[in-house]
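Trainee:
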Amino acid sequence: MEALLANIQGLSSNAGDLSNLHIILKQAHDSLYAESIRLLPLLDQLDPSIHSLGYLYILESCSSGAFSKEQATTMVLPIARFINSCDKEQIRLAPDKFLSVCRRFKDHLMLLEAPLRGVAPMLTAIRKIQSSSEHLTSLHPEFLVLCLLSKCYKAGLSILDEDIFEVDQPKDLFLYCYYGGMICIGQKRFRKALELLHNVVTAPMSVINAIAVEAYKKYILVSLIHNGQFSTSLPKYTASVAQRNLKNFCQPYIELANSYSTGKIAEFETIAQKHREKFDNDNNLGLVKQAISSMYKRNIQRLTQTYLTLSLQDIANSVQLNSAKEAEMHVLQMIQDGEIFASINQKDGMVSFLEDPEQYKTCQMIDHIDSSIQRIMALSRKLTAMNENISCDPLFLGKVGRERQRFDFDDFDPVPQKFNI
Amino acid sequence: MEADDETSGPMIDDEIYANGVGGDDEKRNRPIISGEPLDIEAYASLYSGRTKISRLLFIADHSRSNQAMELEALRMAYDEIKKGENTQLFRDVVQKIDGRLGPEYVMDLAWCESVDRRAEQKREKLENELNAYRTNLIKESIRMGYNDFGDFHYSHGQLGDAFKNYVRTRDYCTTSKHIVHMCMSSILVSIEMGQFAHVSSYVSKAEQSQQTPEALDSVTVAKLRCAAGLANLEAKKYKLAARKFLETGHELGNHYNEVIAPQDVATYGGLCALASFDRTELKNKVIDNLNFRNFLELVPEIREIINDFYSSRYASCLDYLGNLKANLLLDIHLHDHLETLYDQIRNKALIQYTHPFVSVDLNMMANAFKTDVAGLEKELEALITDNQVQARIDSHNKILYARHADQRNATFQRALQTGNEFDRDVKSMLLRVNLIKHEFSLKQAKKS
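Heads up: the sequence lines are chains A and B, in that order.
All the letters of the first sequence, read from the start, carry residue numbers 1 to 421 under UniProt numbering.
All the letters of the second sequence, read from the start, carry residue numbers 1 to 448 under UniProt numbering.
So, in structure tokens, the structure goes:
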């Protein structure tokens with residue numbers, strides 16, 4: 001063990017030495033595991049920022065195995081410290097070790113019921129291990145779970161705002177989008193939530209999985225809240241298993257969505273009440289309640305399309321609210337949220353609905369449009385690059401080539417004339 | 001339908017001269033379902049054959065609230081059936097009458113038995129004949145044999161069998177005249193059965209055999225138009241139905257009484273046209289249609305309705321419609337569609353009324369439509385929500401303002417929205433591509 005320690009201390013300075021050390025550490029892997037209990041004190045002799053690789057191996061073997069609460073407490077601190085100070089280059093030599101340390105770290109925190117303590121270190125860990133901001137690591141879902149449990153939704157958003165394109169494991173993506181959707185729901189960013197959940201539901205899958213089913217349930221409710229409608233047909237690029245099976249797993253939700261489109265609040269509430277237990281078990285009751293209140297909003301919004309002025313009492317009647325007072329509160333709230341444009345005349349209890357004052361003439365609006373154009377152009381470039389990339393990919397060509405076995409004579413370009421000198 | 005009846009027979013002439021002056025008002029004040037036996041009798045006299053019975057039974061079924069009328073209809077149905085040979089229908093009617101019409105209208109078992117016995121004999125005879133024909137392989141005779149069988153089943157009320165036999169004659173048709181005959185019989189039976197999908201297919205079949213023009217005389221053509229119109233009506237394709245009825249030639253006369261009376265052509269065609277045509281179409285195809293005018297003369301109410309509608313006298317138009325409604329509901333073909341047609345006509349009237357104005361006073365509009373402002377508001381609200389009327393209601397001052405969509409703003413909005421959608425779609429597409437790629441390389445890795 002001492003020799004190993006010496007090796008770690010001696011061989012952590014440059015790249016060549018590090019690869020040698022890596023080989024040594026790999027060979028010592030089994031013996032490290034055998035002595036995992038005694039290794040903890042050894043860590044004190046190492047500096048996590050200089051001897052990151054060795055530190056990582058020892059830490060990994062220490063943290064393996066089952067833990068009691070007390071042991072977990074002792075482990076959490078060194079891991080957090082290591083994550084904060086370790087060297088990016090060195091840990092990337094052994095990414096799976098690093099991932100497993102981080103995962104254990106999360107498990108320990110769950111055991112201690114202190115998810116908040118893990119939010120910041122986990123974010124650092126993600127930043128250190130990911131190759132670019134577009135890279136989805138296995139730590140993303142872990143981080144989002146910690147955010148969810150500790151209700152640090154804002155911290156989670158910082159990760160969700162980055163567009164993800166590269167994925168290591170499909171399961172990571174499913175979980176990332178599902179948890180991300182939940183965080184966005186918590187922050188009432190329904191558009192983003194819908195986007196994330198949509199990604200889960202339409203992701204390619206060969207068998208149906210529980211994450212997709214749960215995501216579909218939330219997807220239905222969120223699209224009711226955000227769009228006021230839900231179409232049961234999924235886009236055609238959706239995996240066929242999902243198209244066939246998802247609906248069967250979410251019957252109460254489909255029923256709810258169908259009743260939403262009728263615009264009758266009482267009916268919707270009866271159905272919500274009927275399946276209350278089911279919604280509660282799925283932890284979706286809150287969303288169902290939000291869907292109900294969104295229905296009031298939707299109905300009031302519909303009134304703005306048809307009326308220029310309408311008394312509060314009439315509003316209350318037509319959206320099935322109990323009193324004019326309640327209608328006033330709703331209208332007020334919606335004006336505040338910018339969902340409708342209106343003014344209330346309290347003297348005679350009239351509401352005048354106005355047109356959207358946005359004239360698309362301001363500098364901000366032009367800026368906004370310009371930035372949208374830029375963003376989309378960048379995206380389009382990316383798409384082209386991706387397309388080229390794939391059409392050059394030997395694996396892809398191999399697959400396509402196998403499907404079209406024989407090459408016709410026409411496929412070969414004859415040598416251009418001018419080279420035949 | 002009784003409104004039509006009154007115009008039929010001896011009253012037609014009076015009606016034509018009286019319309020628009022005093023006669024209408026008189027009619028308007030009349031109780032809507034009158035128990036006068038005259039109505040049903042006149043109505044029934046328009047039809048012949050089985051449809052007469054089915055129409056009478058339909059009236060009986062749908063005027064339960066008015067016993068005098070129900071019994072009158074049943075009585076006439078009883079008499080009519082007695083003339084024919086349909087014992088099953090006879091039993092049903094007797095059961096429906098249930099002794100309420102006195103001893104003259106009870107179960108006549110002797111009659112039933114004799115009819116049944118005769119029917120049995122006839123059937124045997126026909127069967128023997130048909131077998132003989134079939135062994136001799138004479139096409140024309142086989143066709144006749146099947147045809148007779150069809151007629152036999154039809155008169156005894158076995159519509160399914162009748163249809164089968166009529167269709168069988170098809171293989172033995174030699175001239176296009178035969179084919180048309182086969183089609184007409186099939187259409188007749190299908191209408192009775194309510195199988196309107198068959199009706200339209202046989203109508204088109206009959207029309208296809210038109211290569212030899214002598215096979216289709218103008219009466220047959222008119223009949224086919226009617227049948228097609230009915231089929232479209234049942235399929236809720238009101239516009240097509242209206243076209244077909246409007247194309248019906250006046251040669252139809254009373255030749256198609258076993259299915260439809262010329263009065264019906266006017267009513268069905270007129271209502272469907274009102275519900276589905278726009279103003280120019282209404283003018284060109286209905287009001288200026290000389291041919292259809294002949295039909296309209298038979299039912300002045302419908303003509304008035306159309307004229308009122310075209311000249312924007314909505315109150316009187318809707319009034320007429322309201323008065324006709326109860327009677328039209330007793331029509332066997334129109335019954336299921338009347339509500340829809342009425343709603344559509346009313347909505348069209350509302351849309352047309354609001355169309356030319358920048359602002360409309362709801363009080364005046366309500367006046368014009370003989371309704372109250374609150375009700376009108378609800379109707380308009382529904383139309384606006386459906387985007388059929390581009391306007392907004394000022395509920396405070398009770399004024400409807402036309403709304404002018406701002407194209408520029410709408411374009412900006414749509415552009416931004418499309419951009420966002422594109423953004424979202426492409427991102428999720430790239431993600432999916434990566435996943436698929438991943439899965440693919442995973443498979444490759446496993447293989448190698």
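Note that the Cβ used here is the ideal one computed from N, Cα and C, for glycine as well.
This structure is a prediction, so every number in the text was calculated from the model and none was measured.
Nearest to A/Glu355 by CA position, among A/Gln71, A/Leu221, A/Ile208, A/Tyr307, is which residue?
Mentor: A/Tyr307
Trainee: Counting only Cβ-Cβ distances shorter than 8 Å, please list the residues of the segment 373-392 of chain A near chain B, keeping chain order.
Mentor: Against chain B - using a Cβ distance shorter than 8 Å - the residues of the segment 373-392 of chain A are Ile373, Arg375, Ile376, Leu379, Ser380, Lys382, Leu383, Met386, Ile390.
Trainee: On a Cα-Cα basis, can you pick out the residue from A/Ser343, A/Tyr176, A/Ile83, A/Glu162 that is closest to A/Pro141?
Mentor: A/Tyr176
Trainee: At a Cβ threshold of 7 Å, is A/Ala203 touching chain D?
Mentor: The chain inventory of the structure shown lacks chain D, comprising the protein chains A and B.
Trainee: So, using beta-carbon positions, are B/Gly163 and B/Val189 closer together than 7 Å?
Mentor: In the sequence as displayed, the identity of residue 163 of chain B is Phe instead of Gly. The answer is yes: Cβ separation under 7 Å.
Trainee: What does a CB cutoff of less than 7 Å around B/Lys122 pick up in its chain, not counting 5 residues either side in sequence?
Mentor: Phe152
Trainee: Going along the chain, which residues of its own chain have a beta-carbon closer than 7 Å to the beta-carbon of A/Ser13, five neighbours each way excluded?
Mentor: none
Trainee: Which residues does DSSP pair with A/Tyr307 in a beta bridge?
Mentor: B/Ile393
Trainee: Look at the Cβ atom of B/Met76, then the Cβ atom of B/Leu56, and state whether they are nearer than 7 Å.
Mentor: yes
Trainee: Can you give me the Cβ contacts of A/Leu285 inside the same chain, cut-off strictly under 6 Å, excluding the 5 residues immediately before and after it?
Mentor: So the qualifying residues of the chain are Phe279.
Trainee: Leaving out five residues on either side along the sequence, give the residues of the same chain with a beta carbon under 6 Å from the beta carbon of A/Phe165.
Mentor: Sequence-distant Cβ neighbours of A/Phe165 in its own chain, meaning closer than 6 Å and more than five residues away, are Glu134.
Trainee: In the DSSP assignment, what are the bridge partners of A/Asn345?
Mentor: A/Met350
Trainee: For a contact meaning CB atoms closer than 8 Å, what does A/Phe341 contact in chain B?
Mentor: Residues of chain B passing the Cβ test: none, with the nearest at roughly 13 Å.
Trainee: Mark B/Glu140 as exposed unless 16 or more other C-beta atoms lie within 10 angstroms of its C-beta, in which case mark it buried.
Mentor: exposed
Trainee: Following the continuous beta strand (DSSP E) through B/Val265, name the residue where it begins and the one where it ends.
Mentor: Here B/Val265 belongs to no beta strand (DSSP E); instead the alpha helix (DSSP H) covers 262-276.
Trainee: If you measure beta-carbon to beta-carbon, which residues of the segment 283-312 of chain A are closer than 9 Å to chain B?
Mentor: Arg302, Leu303, Thr304, Gln305, Thr306, Tyr307, Leu308, Thr309, Leu310, Ser311
Trainee: Kindly list the residues whose CB is nearer than 8 Å to the CB of A/Glu326, restricted to its own chain and excluding five residues on each side of it in sequence; keep chain order.
Mentor: Ala316
Trainee: May I ask which residues mark the beginning and end of the alpha helix (DSSP H) holding B/Ser190?
Mentor: 176-193
Trainee: Can you give me the C-alpha to C-alpha distance between A/Lys151 and A/Ala72, rounded to a whole angstrom?
Mentor: 22 Å
Trainee: Does the structure place the segment 264-281 of chain A close enough to the segment 322-338 of chain A that three or more beta carbon pairs sit under 8 Å?
Mentor: Fewer than three pairs of CB atoms, one per stretch, sit closer than 8 Å, so the segment 322-338 of chain A makes no contact with the segment 264-281 of chain A.
Trainee: Quick one: is B/Leu89 near chain A, going by C-beta distance under 7 Å?
Mentor: When Cβ-Cβ separations below 7 Å define contact, B/Leu89 makes no contact with chain A.
Trainee: For B/Asp25, is the classification buried or exposed, using 16 other Cβ atoms within 10 angstroms of its Cβ as the cut-off for buried?
Mentor: Bear in mind that a pLDDT of 38 at B/Asp25, under 50, signals an unreliable position, so the number given afterwards is only what the model happens to contain. Under this definition B/Asp25 is an exposed residue.
Trainee: So is B/Ser359 in contact with chain A if we call contact Cβ pairs under 7 Å?
Mentor: no
Trainee: When the Cα atoms are used, what is the spatial distance from A/Leu43 to A/Phe82?
Mentor: Approximately 10 Å between the Cα atoms of the pair.
Trainee: Compute the beta-carbon to beta-carbon distance between A/Val200 and B/His438, rounded to the nearest angstrom, for a pair I have assumed lies under 8 Å.
Mentor: The pair is not a contact, with the Cβ atoms about 16 Å apart (cut-off 8 Å).
Trainee: Closer than 8 Å by beta-carbon distance: list the chain B residues that pair up with A/Leu173, in chain order.
Mentor: Leu431, Leu435
Trainee: Just to confirm the assignment, what range does the alpha helix (DSSP H) spanning B/Leu338 have?
Mentor: 338-354
Trainee: For A/Lys289, which option in A/Arg276, A/Met75, A/Asp370, A/Tyr33 has the closest C-alpha, if you only look at C-alpha atoms?
Mentor: A/Arg276
Trainee: Put B/Ala410 into one of helix, strand or coil per three-state DSSP.
Mentor: helix
Trainee: Any beta-carbon of chain B closer than 7 Å to the one on residue 422 of chain A?
Mentor: The displayed coordinates of chain A run from 1 to 421. Any statement about residue 422 of chain A would go beyond what the structure contains.
Trainee: Can the beta-carbon of A/Ile225 be found closer than 7 Å to that of A/Phe268?
Mentor: no
Trainee: Given a cut-off of 7 Å, decide if A/Leu46 and A/Tyr57 are closer than it, judged by their beta-carbon atoms.
Mentor: no
Trainee: Would you kindly report the start and end of the unbroken beta strand (DSSP E) that includes B/Ile399?
Mentor: Going by DSSP, B/Ile399 is part of the beta strand (DSSP E) stretching over 399-402.
Trainee: Measuring CA to CA, which of A/Glu162, A/Leu109, A/Met110 is closest to A/Ser132?
Mentor: Checking every option, the nearest Cα to that of A/Ser132 belongs to A/Glu162.
Trainee: What does A/His135 pair with, by DSSP beta-bridge criteria?
Mentor: A/Glu166
Trainee: When the cut-off is 7 Å and only beta carbons count, does A/Asn199 lie next to chain B?
Mentor: yes
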